[in-house]
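Step one of this worksheet: look at the structure below.
Residue numbers (the numbering used here), protein chains in the order written: chain X, 50 to 410; chain B, 50 to 410.
Next comes the structure, spelled out in structure tokens:
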């Protein structure tokens, strides 16, 4: 059946649009399975009463053991990393009023609205080759109250170097600027180790969605070294959503207890896909940054809005417009697909680009 | 072990303070069990992927069938009624800016902060005998953008009359004021039928927490007849928390399919407890409104802050200070306890009041 052609102006247009032979490079959702243990014997858990606003004590203790010098009382379990970000920015507004927040552009598309909904003002530093450009960062960080970084990055797929992260740590500590480090892809790095930024001004955000393929269960967390931030977030959450769903927390705790080889195996699969899509896009003639983490690529292409529309309506392929991420003239592809699907999708894109090769220049 | 005596200034002080022989009339949490069917075979559900922001289609269709002339697309499933309220007020702020919201006093303690966090300004109408006083309501409703009502009421335990609800419906429709009707206790009414306020300006909020004793799973919903409100809430939720946890939604759907006798049996238990605690408190000499719904009583007592502290530290009984609900000179008791515990708790309260009878006058 012919799809009725309408203007596509945000990722929301594609929600629920899978099946029917569509290859979706759209949503950043693992297609892999979570550890099977998380589902065992749930009927015996009897987890249906209100829990602590901060989250289950056992889960917070397990998390504290994963980080150096961390205390369980500094963690708050949230409805995914999304709620963690929302609450942190609302807490900063409650503590400091209408302040500026530095975002890296290109950005994950939720960042600017989350900052604005909290009553804060986003300002932007331009990434260079998909990573922080320290000279621009140093200029833009002056006068802001918080910086949001995201390494590995959605949508650039890049991972910050250790030197950059140390420099961000140093500058922000000196200026008294919070660093909110969204590390939801930290277990999906192919090129180097993750560096954990240190200091009382640092708020680490993570989730179980990507590492354990359990997006829909919505369990994330934040770890703030400053007890004032912890308290401000709890003060909000007790009214705005109360405890994070308690069964999801139990499943997250179980996921943490599976052997680490589970994560290693998944990362190996992601790396194979990364290699495949990177080579495939290069072969087609795309210009793009090599992904170092997460599962996104952000290749250049002219007329990106038309490309998104044409690929969807004429070729059954979903890609996202880079403009939605502050990266006009690019498209974002998630490679959370098995290699055979990636191959089919790339074939369709190649077919579409016949006669349009100049759009890649 | 002697508890260290500290100032108790909010319900948060009591979180996690059960066990050890404490009788808690504090948190409004059913002690009853949810329908056992909700836990069956969860390991086969495979519900771990992102879901629709609005919530599962089957669950929304089941809800739409429960209300006259309702459409599934006008429902949004949320992380409990708390998130539904938070998102509705944030949506009103996004659409109308810094507007006034009319709250009924005494109020559920989360209402003023939720309204304020959203950037809105709470104003108050004083309840009379625990119910809306239409003459005061008519004065205070002028100039507000929204009214929040809660029948049955936490903390008064009162249920609005049909005449009052029809008059609220008429006045707000005429003035173009939203009515947000928090009906989380609507299945716990002992005295009369619930009346569903009608009109495009009405937003109904409910949850599965109280009816099905599944508080910790955090599944609630809102039903807005105005598609602009629905869209504004979705626009927020896609960034602030994404879909509500998908396993909780599945369990809510299962709860809805159990025979209605489940709810009737629970209501019978609540009514027995209501009768028991009401008579018990009257016998002690308390002056209080007879609860008509929900599971709260709000008796009068002088020195309520000291009473809360003394009962906790010296008599192992938790009650909440009415002042936390905008009702100074009263205490709130939840009777979500079995009759034997209520009896023990009332015995301790009676013991404490020996020689303090004048505080009840």
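From the three backbone atoms N, C-alpha and C, an ideal C-beta is built for every residue, glycine too. Every value quoted in this text rests on a predicted model; they were computed, and no experiment measured them.
Just to confirm my understanding: we take residue 312(B), look at its own chain, exclude 5 residues before and 5 after, and list those with CB closer than 7 Å. What are they?
Counting from 1 along the second chain, the entry for residue 312(B) is found at position 263. Taken in chain order, the residues that qualify are 236, 260.
Min CB distance residue 68(B) to chain X below 8 Å:
Here residue 68(B) is taken as the residue at index 19 of the second chain, counted from 1. No, residue 68(B) does not count as interfacial toward chain X.
Taking Cβ positions only, does residue 374(X) come closer than 8 Å to chain B?
Along the first chain, one-based indexing puts residue 374(X) at 325. No, residue 374(X) lies away from the interface with chain B (no Cβ there is under 8 Å from its Cβ).
Ordered along the chain, which non-local residues of its own chain (more than five positions away) have a Cβ less than 6 Å from that of residue 282(X)?
For the purposes of this step, residue 282(X) is taken as the residue at position 233 of the first chain. Take residue 282(X), set aside five residues on each side of it, and the residues of its chain with a beta-carbon closer than 6 Å to its own are 125, 136, 140, in chain order.
Collapsed DSSP secondary structure at residue 272(B) in the structure displayed
Translated into positions along the second chain, residue 272(B) becomes position 223. Reduced to three states, the DSSP call for residue 272(B) is strand.
Min CB distance residue 104(B) to chain X below 8 Å:
Taking the first residue of the second chain as position 1, residue 104(B) is located at position 55. No - not a single Cβ of chain X is within 8 Å of the one on residue 104(B).
Does the structure place the segment 290 to 297 of chain X close enough to the segment 232 to 252 of chain X that three or more beta carbon pairs sit under 8 Å?
no
What are the boundary residues of the beta strand (DSSP E) that includes residue 381(B)?
Here residue 381(B) corresponds to residue number 332 of the second chain, with the count starting at 1. Unbroken beta strand (DSSP E) run through residue 381(B): 380 to 383.
Whole angstroms are fine: how far does the CA of residue 388(X) sit from the CA of residue 354(X)?
Here residue 354(X) is taken as the residue at index 305 of the first chain, counted from 1. Here residue 388(X) is taken as the residue at index 339 of the first chain, counted from 1. Taking the straight line joining both Cα atoms gives about 26 Å.
Spell out a yes or no on whether the segment 301 to 318 of chain X and the segment 154 to 174 of chain X are touching, meaning 3 or more CB-CB pairs, one atom from each, closer than 8 Å.
no
First through last residue of the alpha helix (DSSP H) which encompasses residue 333(X)
By 1-based counting over the first chain, the position of residue 333(X) is 284. Note, residue 333(X): alpha helix (DSSP H), 310 to 333.
Less than 6 Å between C-beta atoms, sequence neighbours within five positions excluded: which residues of the same chain meet that for residue 144(B)?
As a first step, residue 144(B) is located in the second chain; it is residue number 95 there, counting from the start. Closer than 6 Å at Cβ, skipping near neighbours: 281.
Below 8 Å on the Cβ atoms is my contact criterion, and I expect residue 170(X) with residue 190(X) to pass it. Report the Cβ-Cβ distance as a whole number of Å.
Residue mapping note: residue 170(X) aligns to position 121 of the first chain, counting from 1. Residue mapping note: residue 190(X) aligns to position 141 of the first chain, counting from 1. About 14 Å; that fails the 8 Å criterion.
Residues near residue 78(X) in its chain [Cβ-Cβ closer than 7 Å; skip 5 each side]:
Within the first chain, numbered from 1, the residue matching residue 78(X) stands at position 29. 264, 385.
Is any beta-carbon of chain B found at less than 8 Å from that of residue 109(X)?
For the purposes of this step, residue 109(X) is taken as residue 60 along the first chain, with counting starting at 1. Taking Cβ atoms only, chain B never reaches closer than 8 Å to residue 109(X), which makes this a no.
Among residues of its own chain, excluding the 5 on either side of residue 334(B), which ones have a beta-carbon nearer than 7 Å to its beta-carbon?
If you number the second chain from 1, residue 334(B) lands on position 285. For residue 334(B), where only same-chain residues beyond five positions count, the Cβ hits under 7 Å are 406, 409.
Which residues DSSP lists as bridging residue 343(X), in chain order
Looking up residue 343(X) in the first chain gives position 294. Beta-bridge partners assigned by DSSP to residue 343(X): none are found.
Flag this pair as yes or no: are the beta carbons of residue 204(B) and residue 74(B) separated by less than 8 Å?
Taking the first residue of the second chain as position 1, residue 204(B) is located at position 155. Taking the first residue of the second chain as position 1, residue 74(B) is located at position 25. Between residue 204(B) and residue 74(B), the CB-CB gap reaches or exceeds 8 Å.
Can you find the residues in the same chain that come closer than 8 Å, C-beta to C-beta, to residue 148(B), ignoring five residues on each side of it along the sequence?
Translated into positions along the second chain, residue 148(B) becomes position 99. Within the same chain, residue 148(B) has close Cβ partners 141, 142, 169, 170, 193, 194, 195.
Residues of the segment 73 to 90 of chain B in Cβ contact with chain X at a cutoff of 7 Å, in chain order, please.
76, 78, 83, 88, 89
Here's the rule I'm using: 16 or more other beta-carbon atoms within 10 Å means buried, otherwise exposed. How should residue 317(B) be labelled?
As a first step, residue 317(B) is located in the second chain; it is residue number 268 there, counting from the start. With fewer than 16 other Cβ atoms within 10 Å, it is exposed.
Measure the C-alpha to C-alpha separation of residue 286(X) and residue 76(X) and round it to an integer number of angstroms.
The residue given as residue 286(X) occupies position 237 in the first chain. The residue given as residue 76(X) occupies position 27 in the first chain. Computed Cα separation, rounded: 28 Å.
Which residues does DSSP list as the beta-bridge partners of residue 124(B)?
Counting from one through the second chain, the residue named residue 124(B) turns up at place 75. Bridge partners of residue 124(B): 272(B).
State the DSSP-derived secondary structure class of residue 227(X), mapped to helix, strand or coil.
As a position in the first chain, residue 227(X) is number 178, starting the count at 1. Strand.
Whether residue 230(B) touches residue 251(B) by CB criterion (8 Å):
Locating residue 230(B) in the second chain gives position 181, counting from the first residue. Locating residue 251(B) in the second chain gives position 202, counting from the first residue. Yes, the Cβ-Cβ distance between residue 230(B) and residue 251(B) is below 8 Å.
Beta-carbon proximity list for residue 129(X), same chain, < 6 Å, skipping 5 on both sides
Position 80 of the first chain, counting from 1, holds the residue named residue 129(X). Cβ neighbours of residue 129(X) beyond the five flanking positions: 256, 267, 269.
Taking just the CA atoms, how far does residue 240(X) sit from residue 376(X)?
Along the first chain, one-based indexing puts residue 376(X) at 327. Along the first chain, one-based indexing puts residue 240(X) at 191. Whole-angstrom Cα-Cα distance: 24 Å.
Do the CB positions of residue 413(B) and residue 60(B) come within less than 8 Å of each other?
In this structure chain B extends from 50 to 410, so residue 413(B) is not present and cannot be described.
Can you check DSSP and say which residues form a bridge with residue 255(B)?
Locating residue 255(B) in the second chain gives position 206, counting from the first residue. Beta-bridge pairing links residue 255(B) to 270(B).
Could you pull the start and end residues of the alpha helix (DSSP H) that residue 293(B) belongs to?
As a position in the second chain, residue 293(B) is number 244, starting the count at 1. Run containing residue 293(B): none; DSSP gives neither H nor E here.
Verify the CB distance criterion: does residue 98(X) have a CB-CB separation below 8 Å to chain B?
Looking up residue 98(X) in the first chain gives position 49. By this cut-off, residue 98(X) is an interface position.
Runs of 4 residues minimum, wholly inside the segment 173 to 234 of chain B: which ones carry the alpha helix (DSSP H) assignment?
183 to 189, 211 to 224
Residues of the segment 117 to 137 of chain B in Cβ contact with chain X at a cutoff of 7 Å, in chain order, please.
128, 129, 131, 132, 135
For a cutoff of 8 Å on Cβ pairs, would you count residue 226(B) as touching chain X?
Here the question's residue 226(B) lines up with position 177 in the second chain. No - not a single Cβ of chain X is within 8 Å of the one on residue 226(B).
Sort 339(X), 323(X), 138(X) by Cα distance to residue 253(X) and report the nearest one.
As a first step, residue 253(X) must be located in the first chain, where it is residue number 204. Nearest option by C-alpha distance: 138(X).
What residue ranges within the segment 133 to 169 of chain B form continuous alpha helix (DSSP H) runs of no fewer than 4 residues, ordered along the chain?
160 to 166
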